[in-house]
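Each residue of the sequence shown is one higher than the one before, counting from 150 in our numbering. C-beta: ideal position from N, C-alpha, C; glycine also.
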Amino acid sequence: MSNAAIKVDGVSHAFSTRSGGTWQALQSVSLVIHEGEFLAIVGPSGCGKTTLLNLIAGLEPIQSGSIYVNNHPPRLDDPDLGYLFARDALLPWRTIEGNAELAMELRGIPALERHNRANELLHEVGLANNVDAYPAQLSQGMRQRAAIARTLATDPSVLMLDEPFSALDAQTKLTLQASFSKLWAHLQATVLLITHDLSEAIALADRVVVFTSSPGRVKDTFDVPIPRPRELKSLQARSDYHELYEKIWLSLSAEVKWA
Ligand SMILES: Nc1ncnc2c1ncn2[C@@H]1O[C@H](COP(=O)(O)OP(=O)(O)OP(=O)(O)O)[C@@H](O)[C@H]1O
Ligand SMILES: [Mg+2]
């Protein structure tokens with residue numbers, strides 16, 4: 150068995166409510182994400198997925214249980230950890246290249262190296278012709294591509310993505326998922342992806358974890374046996390894709406509160 154890139158052990162987390170009570174967001178969550186593995190978490194809205202990522206990123210203090218990232222407790226500004234939010238804001242006064250260089254700048258990487266790395270990544274995400282544009286001049290899908298390039302620019306060994314494609318239209322989403330999948334194939338990074346989209350989870354991940362409704366716990370884990378490289382646009386034609394989708398949906402839909 151390979152090494153754990155992220156190890157979450159018995160983590161529970163509660164928030165204080167305005168009325169002076171507590172709200173249990175996570176309950177005894179244990180999860181291991183192996184080095185180089187692509188793991189997706191799906192779960193009903195409000196079940197604590199973002200809270201878990203925030204704990205792993207060191208943005209929230211751990212109340213009970215333990216978390217290790219590359220064998221050390223979470224720390225803010227961990228250079229090995231990249232965190233991409235659902236609607237990751239680019240700085241409007243910086244060009245796309247300037248935005249892609251931001252994390253590298255904060256780490257003191259020399260200008261020429263920053264420039265080369267940013268341009269290489271922007272090329273890979275299909276923004277080679279837009280490096281001098283400002284965020285407001287780009288579509289939402291293009292802005293999200295730039296945010297992906299910015300997150301990848303420091304070569305994090307662990308990537309956490311919180312619904313990175315959720316704000317995109319169906320076609321843009323598919324193309325961006327496909328280009329991210331290709332990019333990941335030669336990144337050798339560990340990925341923890343939060344998504345509401347089961348097709349996305351199956352298309353991209355090695356394993357899919359289903360969380361219960363609040364308080365979030367690990368309910369089920371599914372291996373994705375579809376071989377790589379995966380041709381995302383033809384996955385729908387595979388019967389094993391549909392069988393897995395049905396199984397995960399059965400598990401997840403039991404947790405969703407239906408109106
Ligand atoms: N800072 C906070 N203070 C108080 N309650 C919070 C805080 N952050 C999250 N919560 C509560 O904890 C629960 C889990 O929130 P979280 O954002 O982790 O859910 P989620 O699974 O990411 O949901 P979604 O799928 O909608 O993004 C929610 O009930 C939320 O209201
Ligand atoms: Mg969330």
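The Cβ atoms of Leu-208 and Ile-245 lie no closer than 8 Å to each other. In the three-state reduction of the DSSP assignment, His-335 falls in the coil class, being assigned neither a helical nor a strand state. Arg-299 is a Cβ neighbour of Ala-249, given a cutoff of 8 Å. Three or more beta-carbon pairs separated by less than 8 Å are not found between the stretch 211-223 and the stretch 264-271, which leaves the two stretches without contact.
In this structure, Thr-199 has its CB closer than 7 Å to one or more heavy atoms of ligand 2.
Around Ala-282, the same chain offers Thr-244 and Ile-245 as residues with beta carbons nearer than 7 Å, after the five sequence neighbours per side are excluded. In the DSSP assignment, Gln-173 is bridged to Ala-163. If you compare the alpha carbons of Met-309, Asp-237, Gly-185 and Pro-228 with that of Asn-203, the shortest gap goes to Met-309. Counting along the chain, the unbroken alpha helix (DSSP H) around Lys-198 starts and ends at 198-205. Contact between the stretch 354-366 and the stretch 182-196 is present, with at least three C-beta pairs closer than 8 Å. Here the distance from the Cβ of Ser-363 to the nearest heavy atom of ligand 1 is below 7 Å. For the pair Ile-155 and Ile-182, the CB atoms are nearer than the 8 Å cut-off.
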